[in-house]
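Data first, discussion second: the structure below is written as structure tokens.
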Amino acid sequence: MTPLAAGIGRSALVIEIGGIPIRLHTDDPAFRKLLEQRYAGFVSTTSEVRFDFQIELMPPQTISPDEDVRVHWDSGRWSMERGDFRAEWDPAAASGRIRQTANPYSIDSVLRILHTLLLATEGGFLVHAASAVRNGRAFLFAGLSGAGKTTIARLAPADATLLTDEISYVRRLNDDYYAFGTPFTGELARLGENIRAPLGALYLLVQGRENKIEPISPADAARGLLANILFFARDPKLVQSVFHAACAFTDRVPVRQLTFLPDARVWEMIA
Amino acid sequence: MSGKCYIARSSQTAARLLGEEMVIISAGDPRVFSLNEVATVIWEAADGRTPLDEIIADRVCAEFEVTPQVALKDAEELVQELSSHGILLVSDQPIVRPASPPRETP
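As you go down the protein sequences, you meet chains A and B in turn. Going by this note's numbering, the first sequence opens with residue 1, and the numbers climb by one from there. Going by this note's numbering, the second sequence opens with residue 1001, and the numbers climb by one from there.
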């Protein structure tokens, strides 16, 4: 190993979410350690990465935590900004730069945005949904805050493998849809398993007085999915890509409304 | 509205017929819009070249049991609503810029 390669090996960390390895470079050993802990189970040893990102740590006083996320495309680059980070990504060069303070939340946001942009070009998406694998198939439980994602995840039986209780990762591979585990956690604060499984169904969550699964119209399915897809950029081409990705998904994957009581019997209907 | 009214689908939108509903999303608005059957006919005919009153006479009144006066009044309200959300362009002159396709085929 050359001295340069040895140096890269010490400072770089590959985080593979959704089967997409992204290498993060940091000169700060403590921050690297923090990343290893934050993304335990998603750290990869592969040398074949899709993108390289250089992380530049900023002093804490540069934070403006009240700013909203801004994502825009300009001159061949994506820019992503919030009060606590500024990032650029050049897809053609397969590289980018992140400036942030030494905390795990900023990089988490950058990775979420980055993956939504990546997936939009491939027919996939990140969606506000808990997900789990049971009997070899993945099931998504979608809903915004308070819909019951964490509750469903908490009630999952022992034979179900949790992929996430908050942000589900969906990819289209060879015309089939797969759900991947993610490190993006909600109230459970438990990382999903880093596995994938073909999608069995998407359930739109409604809390009610009984457990029941009901069919919904194709338009309601698309509306329900679109309402839960993570969307950061208002770029017209990207919006159109996400819209058509959602419609294509609802063409192939059963979408149902799941009304449920907060008890474990709801899982008797999920298999 | 007085005089001729021309309408065109905004290129900032994406639309698809799902079941009997035309579902539309706009880059400038986070909401998802749905059109019923009559509104879908108007949306699909919004090529920027055909005046709204001709769309009503030739398409809407030909397919649905409604008088031209009632249909035109309803259509004008619809056009104003869709225009306010940026998903339909409205002009008193033909709109020559390319508009989005009426729907995406699956």
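Using N, Cα and C, we set each Cβ at its ideal position, and we do this for glycine too.
- Contact between THR151/A and PRO262/A holds, with the beta-carbon distance rounding to 5 Å and staying under 8 Å.
- What LEU226/A touches in chain B, judged by beta-carbon distance under 9 Å, is VAL1023, ILE1025 and VAL1032, going in chain order.
- In this structure, the beta-carbon distance from ASN194/A to ARG265/A does not fall below 9 Å.
- CA-CA distance, ASP1029/B to LEU230/A, rounds to 15 Å.
- Under the three-state reduction of DSSP, TYR178/A is assigned to strand.
- Across the set LEU1052/B, VAL1060/B and GLU1044/B, the C-alpha of LEU1052/B shows the shortest separation from the C-alpha of LYS1004/B.
- In the DSSP secondary-structure assignment, GLY200/A is not bridged to any residue.
- Taking C-beta atoms under 8 Å as the contact rule, PHE125/A and LEU118/A fail to qualify, at a distance of about 10 Å.
- By the Cβ test, the segment 122 to 138 of chain A is in contact with the segment 170 to 183 of chain A, since at least three Cβ pairs between them sit closer than 8 Å.
- For TRP89/A, the enclosing beta strand (DSSP E) has its first and last residue at 85 to 90.
- The beta carbon of THR182/A sits no closer than 9 Å to any beta carbon of chain B.
- As the crow flies, the alpha-carbon of ILE20/A is around 26 Å from that of PRO254/A.
- With a threshold of 9 Å between beta carbons, HIS128/A makes no contact with chain B.
- As the crow flies, the alpha-carbon of VAL1038/B is around 40 Å from that of TRP78/A.
- Looking at the backbone, the Cα of GLY96/A and that of SER106/A are separated by about 15 Å.
- Where TYR169/A is concerned, the enclosing beta strand (DSSP E) starts and stops at 167 to 173.
- Taken through DSSP and simplified to helix, strand or coil, SER11/A comes out as helix.
- Taking a Cβ-Cβ cut-off of 9 Å, the neighbours of ALA1014/B in chain A comprise PRO236, VAL239, GLN240, SER241, VAL242, PHE243, HIS244 and CYS247, given in sequence order.
- Counted as a single uninterrupted DSSP element, the alpha helix (DSSP H) harbouring LEU34/A occupies residues 29 to 38.
- DSSP places ILE20/A inside the beta strand (DSSP E), whose first and last residues are 20 to 25.
- Judged by DSSP in its simplified three-state form, GLY224/A adopts helix.
- At least one CB atom of chain B sits nearer than 9 Å to the CB of ALA219/A.
- In the three-state reduction of the DSSP assignment, SER1011/B falls in the coil class, being assigned neither a helical nor a strand state.
- Taking the C-beta atoms as reference points, ALA147/A is found no nearer than 9 Å to ARG196/A.
- HIS244/A: member of the alpha helix (DSSP H) spanning 236 to 252, first to last residue.
- Residue contact with chain A for SER1011/B: present (Cβ-Cβ distance below 9 Å to some residue of chain A).
- PHE1064/B counts as exposed, since fewer than 16 other beta carbons sit within 10 angstroms of its beta carbon.
- Measuring C-alpha to C-alpha distances from VAL1032/B to each of ALA1075/B, THR1040/B, ALA1015/B and GLU1044/B identifies ALA1015/B as the nearest.
- TYR203/A is the residue among SER75/A, GLN207/A, ALA233/A and TYR203/A whose C-alpha sits nearest the C-alpha of ALA222/A.
- Less than 9 Å separates the beta-carbon of GLU1021/B from that of SER217/A.
- In the displayed model, THR1067/B falls within coil according to three-state DSSP, outside both helix and strand.
- Each residue's CA atom was taken as its position, placing ARG1059/B and LEU1072/B some 12 Å apart.
- Taking C-beta atoms under 8 Å as the contact rule, SER168/A and VAL127/A qualify, at a distance of about 5 Å.
- If you look at SER95/A, you'll find it in the beta strand (DSSP E) that goes 95 to 100.
- GLU1054/B is outside the set of residues whose beta carbon lies under 9 Å from a beta carbon in chain A.
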